[in-house]
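**Student:** Quick one: the structure is below, questions incoming.
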Amino acid sequence: MFTLGALMEASLLCLNAICVLHEERFLARFGWQQRRAQRRYGPPSTTEQVLHIIRSIRTVAKIPLIFVNIITITFKLLFG
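Quick note, the sequence shown lines up with residues -17 to -1, 1 to 63 if you use mature numbering (1 follows the signal peptide of the UniProt record, and there is no 0).
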């Protein structure tokens, strides 16, 4: 059944997946590694924008995500 709780749990799982992606191991296979010391003019490409979003989520959401995971696991253990 599609409920608000299931939607929140799915978004939590997606955030967890984004936070554990390793750039050098996984993303480099697809050519999505960070390019260092390149100065480009003009708007960034779509790949660079996606990598920036991944890095931003990883930076901002790491600590709060730990607490949200603990709360979610506790509720799942207690209430099924």
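Every residue gets a Cβ at the ideal spot worked out from N, C-alpha and C, and that includes glycine.
Where do the N-terminal and C-terminal ends of the alpha helix (DSSP H) with THR(-15) fall, by residue?
**Tutor:** Counting from one through the sequence shown, the residue named residue -15 turns up at place 3. That residue, THR(-15), is in no alpha helix (DSSP H); it is neither H nor E in DSSP.
**Student:** Please classify LEU48: does DSSP put it in a helix, a strand, or coil?
**Tutor:** Here residue 48 corresponds to residue number 65 of the sequence shown, with the count starting at 1. Helix, per DSSP.
**Student:** Do ILE37 and LEU4 come within 8 Å of each other at the CB atom, strictly closer than that value?
**Tutor:** Here residue 4 is taken as the residue at index 21 of the sequence shown, counted from 1. Here residue 37 is taken as the residue at index 54 of the sequence shown, counted from 1. Contact annotation: LEU4 and ILE37 have beta-carbon atoms nearer than 8 Å.
**Student:** Whole angstroms is fine: what's the gap from LEU48's alpha carbon to THR55's?
**Tutor:** Here residue 48 refers to the residue found at position 65 when the sequence shown is read from its first residue. Here residue 55 refers to the residue found at position 72 when the sequence shown is read from its first residue. Cα to Cα, LEU48 sits roughly 10 Å from THR55.
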